[in-house]
Amino acid sequence: MAATEGDQFLKQATGPKTRGLLRVIILVLIAGAAVSSRLFSVIRFESIIHEFDPWFNFRATKYLVANGFYDFWDWFDDRTWHPLGRVTGGTLYPGLMVTSGVIYHFLRFLTLPVDIRNICVLLAPAFSGLTAFATYLLTNEMVSSPSAGLLAAAFMGITPGYISRSVAGSYDNEAIAIFLLVFTFFLWIKAVKLGSMFWGALTALFYGYMVSAWGGYVFITNLLPLHAFVLICMGRYSPRLYVSYTSWYALGTLASMQIPFVGFLPIRSSEHMSALGVFGLIQLVAFVEFVRAQLPSKQFQTLLRALVVLIFVVAVGGLVLLTVGGVIAPWTGRFYSLWDTGYAKIHIPIIASVSEHQPTAWPAFFFDLNLMIFLFPAGVYMCFRTLTDEQVFIVIYSVLASYFAGVMVRLMLTLTPIVCVAAAMAFSQILDTYLDAKTPKVDAKTAENGSSEPAKVAAAAVLSDGLRSTRNPLVGIYSYASRVTVVGFSAIYLLIFVLHCTWVTSNAYSSPSVVLASRLPDGSQHIIDDYREAYYWLRQNTPENAKIMSWWDYGYQIGGMADRPTLVDNNTWNNTHIATVGKAMSSKEEVSYPIMRQHEVDYVLVVFGGLLGYSGDDINKFLWMVRIAEGIWPEEVKERSFFTPRGEYRVDEGATDTMKNSLMYKMSYYNYNSLFPAGQAQDRVRNVRLPSEGPQLNVIDEAFTSENWIIRIYKVKDLDNFGRDHHSAVSFDKGHKKKRAAKRKGPKVLRVE
Amino acid sequence: MRSFPLLSSCVAALSSFASAELNHSQPLLSKQVLSGTFTPPQVFKNANLVRTTNLDKSYPRETINVIIENVDSKPQSEYYLPFESSLISNVGGFEAKDKKAPELGNFKVEVVEFDTESTTGFYLIHLPSPLAPKAQRTISITYSLLKSLSPVPAQISQADKQYLQYTFSAYTPSAYVTANQKTKLKFPNVDVPDYTTLPSELNAEKKTDPQRQGSTFTYGPYADIPAGASQPVTVRYESTKPVTHATLLERDIEISHWGGNLATEERYWLTNLGASLKTHFSRVEWQKSQYMNPPTTALKQINIPLAPGVLSPYFVDDIGNVSTSRFRPGARESTLELKPRYPIFGAWNYNFKIGWDAPLSTYLRKISGDSYILKVPFLEGPRMPEGVQYSRVNLRVILPEGATNVKFSTTVPLIDQSTTLHRTFMDTIGRTSLTLSAINLIDDFRDRDLIVTYDYPWTAGFRKPMVITLGMFALLAVVYVVGSVDTSIGKKKNA
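Chains A and B supply the protein sequences, listed in that same order. Counted from 1, the first sequence has number 406 at position 406 by UniProt numbering; the numbering is strictly sequential. Counted from 1, the second sequence has number 417 at position 417 by UniProt numbering; the numbering is strictly sequential.
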């Protein structure tokens, strides 16, 4: 803000070189601010990988660094999805890991001993600096005023909508994908403007990088054709558009097909068909244009137009037929849920169970974008006023991204760049108008119109003559008072924006969620580190190949921190396998035990927040397990039976028998009441008093419980030595008041691995 | 790139030459393998032998004070001490010295072993001066036996007492005839439920062994025991303490002349060799017991005393920072109190890494011109009443880039030493690093020093700034050249 003022101030006195230098300095400062505002979690906690998915990316990166690129490409991971395994190399987007790997090897080449973990933790902040720069470039293509670009870069640098996915430690695909998204758009705009094959090829190159980095590349795949299509429909076809689109599509599609996970999708799946269709269309249009140039006959032209429409209809019809015929892959469930927010809940509970796939709550827009959400429509409106080719792009992007952001919380991320650009355009318009120190000279023409009063002049600045306006309205402010007022308020808004962003970043987005922080009575910070305590216990004190069963949320973390094979993880590629785990968790012990034996489960891990009041625990997620299991075994697992007749979900005395007998319930509350005086056991999440008699476990043993009871690990018992079922074995042991027989029953003889 | 290995081998060769000049740089411990028919020549007699076995800590420490007499006709200087070959690999910190003249320092010792088939191995003690015929000399031999205590029962409940069992021979193993001997055992307490009773006929004073006196047991005296005789004895005593054992300790000491800093990093692979849990770990029981704080076999806390002036310590493990540590700086001694993520019960493992910085001036002195002398502790690590045993310690001293003529001396028995190059932080030729390995150490070696001398010309300190400056210039030049290349295909507009 102060920088823009300086820029304006210096405009008269200095040459373009000084301004260029200033701009560079400002951009570097913006990048610095962007990076440093993402370091809250490193300063508060430590350099640690956050949440769930990043742990997989981190593990994959370590694998890449340790084994080289080709092994990574062919990586078959037998330590997840036991016993199925996962073709990891072919089912991931390698861009993120390869980027970190390249950085790692570059630093090693300079003999800088940087830990791969630190590279992974700091990758997202580093790329956010680049994103700010890319936003600057993109905005500069839209408007003539350089201050808009700088403002957009500053907005992009600190807006919570983007920070939410790019704080230090949030080592996810989005960390680099947003930079690639914005930069690809910049290159596209540049290509469309110049009609240059070089820029088109660059667009394709970065598009290929984007494809290798994030599944959200489909957004680009559809947005660029849409832009081209709209331009053609507006009658703005030009050889520039032809050159840039065809060079992007041909090279970009080839590049995207190099990623094994994408493979032949660009020519087979419905999501990619619009790009192909527009590619065909643009050939036709080019042909028509060519013919028209040769034969300037109006009738012929009309005929050709009809032909174009016909071919288009035939093409779409063919597409539909191919889709129905099964040649082209039908839309995926995640795609359907983009159009019908209720779809996932009914058909694919596994997608609905992820919080970031929920529809966005309205306050989230203000929370993530603050004042930009008000400026955003103004910026889009300004684009409508001039409506050059690139501004059409802004309009399309805004409309699409707004819709998607409303459907899925996660897609707020794709909306953020365009909001920053549009808001910066609007804001810089205000500033440019009100910061100009010169008193406007009234043209004779304008004076004749009788609009000499300042108010009308000012009004003219805001109210333009509509879309086809060719006149430049006279813009200028006479009164210093109004200047000071408007500029002053703008400055205050910007300051509040910065405050808001910092507050949101610090409070909402900087928790690693692996480590929890609490305050001791004396105000000092106390770290609750139960996750790592239990994971490290597993890592150190269980056999290398002990299979851990847990709900899929913790799969990546167990793989990353405990380094033990898991049954299911956050990849969720096999719904049946997840449902199997769900069934084991939600059934009686007698039902669960065979399932666990069949899957060679050694340990079962549950998350229990009752002692600490940690609400993200497995009992609260339990209904999703039940629902997913019910989707596969509707006869055996029934969601209804977990609710009381009055429809309540209870864990206390009034819980249903199914609930009380489920393995999950038993594992969560086993032995819990012995912490309290008799009959006083309290669940601090659900805020209920638990039954005085705690649950009994027969087929599993408590193996480890973390300090605050957040993680509980159970060991699956071997078959009884005397061939009894576990229930009678346990009751025999109890009935005779003997000490329990040694749990270790010697070497396993039944199974040979 | 080719010249680096060559250079490193040169440096290594140089340093090995150089170290030969220093008195102690010959390792005190070496190993020779003899043929299977070897028996030590019967040239000595043990006139009187007293062995004291201290079981206070989680490993037995033995001290043998013996008066040896030359019964041969020629002066002799090689004294053999036999061990069972299963035991000899666990003997740690073997040291022998003259009891009457400790100022002579430790004698040179060697491990002598038969082919793998043999059941006996020997430690060979070289007396500094040959013992004349009929002359006597009192020598004091100390060593510890690592991993020689086994918990009986091997599995206990979380709150149970732990009993350790120690098996040894009432007759001190000797390669020579022993005229008179006895063995004293010191237990940590009086709770010794099981011990082997020896009939009174064996005893020279016709007493039934052992003779108990508080927590001390005495076996003997026994008269005229022939060479190689043995009388197995097993004792089992209460010791509800963790048996802390580090399978490996890697210790890096890095010196920075520019930063005036001595950075230490230690990586531990810890195991508790105590009795394992009969049932699984119960958090409820553990939390309840924490109010009373009874003795336990679990390792709850590790206290590491450090030198004063230590800065910025850290405690991390494979998956990140462990927040449950506390650092207490002090004028006389700083203490690093580490709490592992979970209590380490018997058979549980815990790997971790700690590190800290310290001002270099405390450890490094300039002796003359470009020569420096460095004095650092060979071993730091935990100080706990129950003791810590280390199976292997690898110490690496990373000297500044360009340090030459490296010599060292230490009283710790080493098994391996080498000088290599270590490249880090934009080094061009790499830093000279001295790697020393020792096996079977115990925490008593904490106060042993390592003294390293090396030459470091002042010009070497400017190598890195020069290299970085040149690198930057080169980079800018390349950027300039590349930037001025015209790659456009079309013709220039202003041509």
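Glycine residues also receive a C-beta, built at the ideal position from the N, C-alpha and C atoms. Everything numeric in this text was worked out from a predicted model, so none of it was measured.
{"query": "Minimum Cβ-Cβ distance from B:ASP416 to chain A less than 8 Å", "result": "no"}
{"query": "Local conformation of A:TYR63 per DSSP, three classes", "result": "helix"}
{"query": "Positions along the region 308–323 of chain B whose CB lies within less than 8 Å of some CB in chain A", "result": "ASP317, ASP318, ILE319, GLY320, ASN321, VAL322 and SER323"}
{"query": "Rounded distance between the beta-carbons of B:LYS184 and B:THR218, thought under 8 Å", "result": "5 Å"}
{"query": "Close-in-space but distant-in-sequence residues of the same chain around A:GLY379 (CB under 6 Å, 5 per side omitted)", "result": "ALA422, ALA423, MET425 and ALA426"}
{"query": "Contacts of A:TYR535 in chain B (Cβ-Cβ under 7 Å)", "result": "ILE319"}
{"query": "Backbone CA spacing between A:GLN8 and A:SER147 [nearest angstrom]", "result": "Caution is warranted here: a pLDDT of 49 is assigned to A:GLN8, below 50, making its placement in the model unreliable, and the coordinate value is therefore given only provisionally. About 9 Å."}
{"query": "Chain-order list of residues whose beta-carbon lies under 7 Å from that of B:LEU124 (same chain, five-residue window excluded)", "result": "GLU78, TYR80, VAL109, GLU110 and VAL112"}
{"query": "C-beta contact flag for B:ALA275 and B:GLN155 at 8 Å", "result": "yes"}
{"query": "Identity of the residue in A:TYR336, A:GLU46 and A:ILE496 nearest A:SER270 by Cα", "result": "A:TYR336"}
{"query": "Reduced DSSP secondary structure (H/G/I, E/B, other) of B:PRO82", "result": "strand"}
{"query": "Same chain only: Cβ atoms within 6 Å of A:VAL486, ignoring 5 sequence neighbours per side", "result": "TYR434"}
{"query": "9 Å Cβ cut-off: residues of chain A touching B:THR424", "result": "THR111, LEU112 and PRO113"}
{"query": "Ranges of the alpha helix (DSSP H) found wholly within the region 607–681 of chain A, counting only runs of at least 4", "result": "618–632, 657–661 and 663–669"}
{"query": "A:ILE373 (DSSP reduced to helix, strand or coil)", "result": "helix"}
{"query": "Where B:TYR342 meets chain A, residues with beta-carbon distance less than 9 Å", "result": "GLU533, ALA534, TYR536, TRP537, GLN540, ASN541, PHE704, SER706 and GLU707"}
{"query": "Candidates B:PRO457, B:THR296 and B:SER256, of which the one nearest B:VAL397 by Cα", "result": "B:SER256"}
{"query": "For A:MET549 and A:VAL601, believed in contact at Cβ under 8 Å, the rounded distance", "result": "4 Å"}
{"query": "Proximal residues to A:ILE418 (C-beta, below 6 Å), its chain only, five neighbours per side dropped", "result": "TYR397, SER398 and ALA401"}
{"query": "Inter-residue CB distance, B:LYS186 and B:ASN54 (contact presumed, cutoff 8 Å)", "result": "5 Å"}
{"query": "Cross-chain neighbours of A:LEU675 in chain B, by beta carbon under 8 Å", "result": "VAL284 and GLN287"}
{"query": "In DSSP terms, what B:PRO151 is bridged to", "result": "B:LEU164"}
{"query": "Residue range of the unbroken alpha helix (DSSP H) whose run includes A:PRO160", "result": "160–163"}
{"query": "Rounded C-alpha distance that separates A:TYR670 from A:GLN696", "result": "7 Å"}
{"query": "Residue 754 of chain A (DSSP reduced to helix, strand or coil)", "result": "What the structure shows of chain A is the stretch from 1 to 753, and residue 754 of chain A is not part of that stretch, so it cannot be assessed."}
{"query": "Test item: CB-CB of B:SER169 and A:GLU702 under 8 Å", "result": "no"}
{"query": "Extent of the continuous beta strand (DSSP E) run through B:ALA179", "result": "177–186"}
{"query": "Coil, strand or helix - B:THR404 by DSSP", "result": "strand"}
{"query": "Whole-angstrom C-beta distance between B:LEU145 and B:ASN90, which should lie under 8 Å", "result": "5 Å"}
{"query": "Closer than 8 Å to chain A by CB, B:HIS245", "result": "no"}
{"query": "Interface residues of the region 423–454 of chain B facing chain A [CB-CB below 8 Å]", "result": "ARG423, THR424, PHE425, MET426 and ASP427"}
{"query": "Burial state of A:GLN299, where buried means 16 or more other Cβ atoms lie within 10 Å", "result": "exposed"}
{"query": "Members of the region 347–378 of chain B near chain A, C-beta cut-off 9 Å", "result": "ALA347, TRP348, ASN349, TYR350 and ASN351"}
{"query": "Interface flag, A:MET596 vs chain B, CB-CB below 8 Å", "result": "no"}
{"query": "The region 182–193 of chain A / the region 138–147 of chain A touching (three or more Cβ pairs under 8 Å)", "result": "yes"}
{"query": "Helix, strand or coil at residue 758 of chain A according to DSSP, with G and I counted as helix", "result": "The structure shown has nothing for residue 758 of chain A, since chain A only spans 1 to 753."}
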